[in-house]
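Take a look at the structure set out below.
Protein chains: 2
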Amino acid sequence: MKQISGGVCAAKGFRANGVHCGIRKNRSKRDLALIFSEKRAACAAVYTTNLVKGAPLAVTKAHIADGYAQAIVCNSGNANTCNANGPEIAEGMCALAAKQLGIDAADVVVASTGVIGQKMSLEPIGSGIIPLCEGLSAEGGAFAAEGIMTTDTVKKEVAIEFEIGGVVCRMGGIAKGSGMIHPNMATMLVFITTDAGISPALLQKALSGDVKNTFNMLSIDGDTSTNDMVVVMANGCAGNAEIREEGEDFNVFMQALNSVNVALCRMIAGDGEGATKLLECRLTGASDEETAKKIAKSVVCSSLTKAAMFGADANWGRVLCAIGYSGAYTDVGRIDVCFESKKGKISVCESGAGVDFDEALAKQILSEKEIDILVNLNSGEYSACAWGCDLTYDYVKINADYRT
Amino acid sequence: MKQISGGVCAAKGFRANGVHCGIRKNRSKRDLALIFSEKRAACAAVYTTNLVKGAPLAVTKAHIADGYAQAIVCNSGNANTCNANGPEIAEGMCALAAKQLGIDAADVVVASTGVIGQKMSLEPIGSGIIPLCEGLSAEGGAFAAEGIMTTDTVKKEVAIEFEIGGVVCRMGGIAKGSGMIHPNMATMLVFITTDAGISPALLQKALSGDVKNTFNMLSIDGDTSTNDMVVVMANGCAGNAEIREEGEDFNVFMQALNSVNVALCRMIAGDGEGATKLLECRLTGASDEETAKKIAKSVVCSSLTKAAMFGADANWGRVLCAIGYSGAYTDVGRIDVCFESKKGKISVCESGAGVDFDEALAKQILSEKEIDILVNLNSGEYSACAWGCDLTYDYVKINADYRT
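These protein sequence lines are chains A and B, in that order.
For the first sequence, the working numbering assigns the number 26 to the initial residue and increments by one for each residue that follows.
For the second sequence, the working numbering assigns the number 26 to the initial residue and increments by one for each residue that follows.
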């Protein structure tokens, strides 16, 4: 499995593009993205569990009910959520893209991201769809990645190459997500393409299984968005024997998907709104999987731990505190905590109590851009990993006046 | 029921004091507090549900197992949590206070607040306990309130007068709490005194019932502390017939307790770490009580809503988003949302969709220090109230380097 370039266009048969159509005022910001597969592709998705759902989610769900799709259209700048005419706009976006691409509107996946509860018009999309479709190319993955960004400061794309039954396959993904990130059985906007052949049912199984260990273990701010979704399209252009049952090929596919998803998770966490640091909580020694996940996630969600990491302050008591209120049970007297980064590793708590440590070294370790919080519960064999970021002045700044 | 002055010394038979004993470096900050009742008092308490618990909690629990106590000793600057010698220190604090006061150590309630996992010594307490006890007075309530403060910027005390069976009774309370506040079946540090006579069993019943509607509906930052407790002492000095069963007298007592607790909740929320605004979510029209509470609390806990309130930005989509992920079910299409303050009231969302509103007026309303977020689910008869604060640069600043 090796990293390659090309994002969502790395896999055979996919083209993409992103343009500025006018939903956002800043003309240099692409606000409309398209991913297109030459062939109808098996398609699977997971969605936010928020009761308040963006209109595009219901439309997408209906369109991929048959397990297939051929294009993904997505705008940024307006979430198309809590709008009276939301479903109409979402259907309209699909119709406009379908007409221009010469495909069935029911094969278009639609997504929106941006401010909730703002009126939305089809007009800018109607004018933007022509250059968007005309400009589709195998080099357009980065434009699509830009087109879905909101408060993201960097575009997020990844691609890998792997083999299924001796056939070279590729998989790539793009993601947007910076605030309102606290997935719960679903996630932010992530679009993944692969030329591997796999049945819609197994594609859905792979995706639903993997998000539990990846996007559902990611939190920026504890706010689960209304518009989150992860969509995977698999068009089979690589030519492998279509994966129709669990087994070795499916396992390789799962590994590839996990590798793409973990890479995107880390990119999203590291680019959390206002974030200066990526936090990874690697938890071991839990008595069961549920406990491992709950506790790892509780640590990366703690505002106090996040603020301490911003200040490079080895205030491990906050890690213990977050473990204690996670809702899962563990024997507090067995917990060990270490902080680790490129600069080294330091033990700060053993068997639930503080140990003397070198504050200067701790400061050095915590001043890095990627911090690992290593927690060993010493109570079993299960482990989990969760991703988050520090809490900074800029998170507050970005969100104090987001609309205007 | 009228507000009076005097805090925890407003009720007959209570004296208090607070001194600087040296746990904190800043010599002008009182760090040791004492509340003393002339008579042994019925005593009830609720504690944090965090698995990681400060050593003082277990000691206090044992000491009031018989339903009575006579003094409360509390230090700030060190939480006495995750220390190998924690229980010894907590017992030691009780013994020192008991000796000086000439009472049984098993009648002393002990509490600590401050940094977790720092070594603690009895030495400063041993030297501070003499002036602390010698200085006890009926005017010392404010000193005790200061003694328990950590990052609090204002001391929090309240007192009221009410009648039980024609007898004038008084109740007063002090609280500390500014960060790590997200109570779950318990709360931050709150000490309440009353001269009303009530049996220990009914006192516990009143307290356990009331915190569900008061301190458990309060959140500053989503972090449930390890050291939270609320303790009430009722010494009977007012001379009312001791309340031994539910009925009219008990109801009056419950009202008095609720009034003190709501006042302290509002003080704590308004003085949340870095906060510039008190947020009160008043939710109506829920189908059941659980739903009302979950949703009201979800709104005041949302980092994004809190940051928008800091920016006086009427971004009501974040309120809808928080309602949607609360975990309780409600029909999103029926939700109305208004913002209200001294400057007026404005409707921003009706039946789950945005309505046109005057942005200038909204800005004016949200620029006040106390903001009410009014949510009507229009789905039933239940209501709830939750308290929180805005999320500001200063929250991050305070917590980025708390220890050093």
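Positions of the beta carbon are idealized from the N, C-alpha and C atoms, including for glycine.
Is the Cβ-Cβ distance between residue i and residue j less than 8 Å?
i, j, result
"G190(A)", "D274(A)", "yes"
"G16(B)", "A200(B)", "This structure cannot speak to residue 16(B), because chain B is shown only from 26 to 429."
"L57(B)", "N252(B)", "no"
"S372(A)", "D397(A)", "no"
"I60(A)", "F168(A)", "no"
"K27(A)", "E186(A)", "yes"
"R269(A)", "G172(A)", "no"
"C99(A)", "L214(A)", "yes"
"V287(A)", "V71(A)", "no"
"A300(B)", "T219(B)", "no"
"S22(B)", "M205(B)", "No statement about residue 22(B) is possible, as the shown extent of chain B runs from 26 to 429 and does not include it."
"C34(B)", "G197(B)", "yes"
"L147(B)", "I114(B)", "yes"
"A353(B)", "C107(A)", "no"
"A323(A)", "S351(A)", "According to the sequence shown, residue 323(A) is Ser rather than Ala. Contact: yes."
"G222(A)", "A259(A)", "yes"
"A387(B)", "A333(B)", "no"
Quick check on the DSSP output: the alpha helix (DSSP H) that includes residue i runs from which residue to which?
i, result
"L227(A)", "225–236"
"F275(A)", "273–295"
"S372(B)", "Taken as a continuous stretch (DSSP letters only), S372(B) belongs to no alpha helix (DSSP H), being part of the beta strand (DSSP E) at 369–375."
"E158(B)", "Sequence inspection shows Cys at residue 158(B); the Glu mentioned does not correspond to that position. Start and end: 148–159."
"Q389(B)", "384–391"
"A170(A)", "166–172"
Have a look at the DSSP bridge pairing and note the partners of residue i.
i, result
"D361(A)", "N401(A)"
"T219(B)", "M196(B), A259(B)"
"N100(B)", "L57(B), S137(B)"
"C414(A)", "L303(A)"
"F335(B)", "DSSP lists no partner for F335(B)."
"L214(B)", "K201(B), M254(B)"
"E395(A)", "L303(A)"
"V71(A)", "V255(A)"
"A94(B)", "A66(B)"
"I48(B)", "Bridge partners of I48(B): none, in fact."
"I89(A)", "I89(A) is not bridged to any residue."
"I268(A)", "I223(A)"
"S366(B)", "G369(B)"
"S162(B)", "A41(B)"
Residue i touches chain A at which residues, Cβ-Cβ below 7 Å?
i, result
"L329(B)", "G204, M205, D246, D248, N424"
"C414(B)", "Here the premise fails: no neighbours, minimum Cβ distance about 12 Å."
"G336(B)", "A425, D426"
List the residues of chain D whose Cβ lies closer than 8 Å to the Cβ of residue i, in chain order.
i, result
"A347(B)", "Among the chains of the structure shown, chain D does not appear; the protein chains present are A and B."
Determine the chain B residues that contact residue i at a beta-carbon separation under 7 Å, and present them in chain order.
i, result
"V325(A)", "Under the 7 Å cutoff, chain B gives no residues; its nearest Cβ is about 12 Å from V325(A)."
Can you tell me whether DSSP reads residue i as helix, strand or coil?
i, result
"M205(A)", "coil"
"E116(B)", "helix"
"S323(A)", "helix"
"A41(A)", "strand"
"A66(B)", "strand"
"V421(B)", "helix"
"L243(A)", "strand"
"G79(B)", "coil"
"Q143(B)", "coil"
"G379(B)", "strand"
"A409(A)", "strand"
Mind listing the chain B neighbours of residue i? Cutoff is C-beta to C-beta under 9 Å, in chain order.
i, result
"I141(A)", "N340, W341, G342, R343, L345, C346, G379"
"T251(A)", "G342, L345, C346, G349, Y350"
So residue i is in the beta strand (DSSP E); what residue range does that whole segment cover?
i, result
"T309(B)", "303–311"
"Q28(A)", "27–29"
"C107(A)", "Note, C107(A): premise wrong, no beta strand (DSSP E); not H, not E."
"R344(A)", "What sits at residue 344(A) in the sequence shown is Val, not Arg. Careful: V344(A) lies outside any beta strand (DSSP E), inside the alpha helix (DSSP H) at 342–349."
"E182(A)", "181–189"
Quick one: which chain A residues come within Cβ less than 9 Å of residue i?
i, result
"T355(B)", "L76"
What residues from chain B crowd round residue i, counting only those whose CB sits closer than 8 Å?
i, result
"Y418(A)", "Y418, V421, K422"
What in chain A is Cβ-close to residue i, meaning under 8 Å?
i, result
"C374(B)", "C107, G142"
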